[in-house]
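A.B. asks: What follows is a single structure, and I will ask about it in a moment.
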Amino acid sequence: TLPILIHSYLYRKAAAKELPTLLLLGPSGAGKSALLTLFANGIASATHTSQEPQSAVCQLPASTTTSEDRYRSENDTSSRAQPKFLLLDTPGHGKLRHHATSTLTSAAALKGLLFMVDSAAVSSASGLTEAAEYLHDVLLLLQRRHTQGKTSKGPQAVPVLVLANKQDVFTSLPSTIVKTKLEEEIGKLRQTRSKGLLDSGIGMDDDASGDEEGNWLGEYGAKEFRFAQMQEHDIEIDVMGGNVKGDGDEAGKVDEWWSWIGEGL
Ligand code: GDP
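Quick note on numbering: my numbering labels position 251 of the sequence shown as 329, and the sequence is numbered without any gaps.
Below, the structure is given as structure tokens:
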């Protein structure tokens, strides 16, 4: 099996260089491994191992249209391979998140972020806080990446899809509610994190305000947080529901997610 391992490693390295990359993030238990396995199915080169896969080369299903299709003439009947991409899973555990954040700042071919949440878990206060804190930190990284890149040739904009997973579960919140709950919670978080500084007057004068503003996600000073505020930093955020696993024998529902990915490739 050693040659296979080496081959798989080299393949992964090569693939990582060339293929557009999507980073999969989110609290543990959200369904990331399950998604990776599902998306990697049907393509022989997926990096399946005896353990949970960490990354996989995925290919859009034939039914999913891509951004390229828009530029194809209706008379163009030539067959074209569906695009492939590399999906990188990142451990959801807090201590391991630096892996996720280092990929965020280093991956050159980063085409987007998939942030997965368990739509039933976010109905509890602790589940919501965990997801919101993680998402807040990820978005702040993207915001900084954008702010710092402004002077030189800026980094490519990275869109974010929040996958409101487990819609098959009875206690799950619909994606629209998942969205507003996350926005509310991120808004509160933003407020509490900056409150200490504002109360003490630090950050109110011109010298220090740069830092304070740099730590504030979205529209500076706004009372409420909305994902739309991130557009100012070139960050488009969509929230779409679905489920990796079906109810019993039923298949999952991931079409909307595929379409989003297809649009961005
Ligand atoms: P990860 O920690 O984010 O990688 O989460 P996993 O992929 O290990 O999934 C956690 C648990 O949720 C597993 O038991 C999965 O089978 C289950 N799961 C994942 N997606 C779904 C879904 O859409 N619906 C249901 N009902 N369960 C799911």
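Glycine included, every Cβ here is placed at the ideal spot set by N, Cα and C.
Taking its Cβ as the centre, do 16 or more other Cβ atoms sit within 10 Å of Gln309, making it buried, or is it exposed?
C.D. replies: Exposed, since its Cβ has fewer than 16 Cβ neighbours within 10 Å.
A.B. asks: Which first and last residues belong to the alpha helix (DSSP H) in which Leu116 is found?
C.D. replies: Where Leu116 is concerned, the enclosing alpha helix (DSSP H) stretches over Lys110 to Ala118.
A.B. asks: Report back the beta-carbon spacing between Ser133 and Leu164 to the nearest angstrom; my notes put them in contact at under 8 Å.
C.D. replies: Indeed they touch by this definition, with Cβ atoms about 6 Å apart.
A.B. asks: Using a Cβ-Cβ cutoff of less than 8 Å, which residues in the same chain neighbour Gly265 once the five nearest sequence positions on both sides are dropped?
C.D. replies: Only Lys301, Glu302 and Phe303 meet the Cβ criterion.
A.B. asks: In three-state terms, what does DSSP make of Ser141?
C.D. replies: In the structure shown, Ser141 sits in coil (DSSP, three-state: anything other than H, G, I, E or B).
A.B. asks: Opposite Met318 in the DSSP bridges: which residues?
C.D. replies: According to DSSP, Met318 bridges with Leu241.
A.B. asks: Please state whether DSSP places Phe163 in a helix, a strand or coil.
C.D. replies: Residue state, collapsed to three classes: strand.
A.B. asks: Would you say Leu191 and Leu103 are within 8 Å of each other, going by their C-beta atoms?
C.D. replies: Yes; because the gap between Cβ atoms is below 8 Å, this pair is in contact.
A.B. asks: Classify Trp335 as buried or exposed, calling it buried when 16 or more other Cβ atoms lie within 10 Å of its own Cβ.
C.D. replies: Classification for Trp335: buried.
A.B. asks: In this structure, how does DSSP classify Ala329 when only helix, strand and coil are distinguished?
C.D. replies: Coil at Ala329, not helix or strand.
A.B. asks: I need the DSSP call for Val236, collapsed to helix, strand or coil.
C.D. replies: In this structure, Val236 counts as coil in the three-state DSSP scheme.
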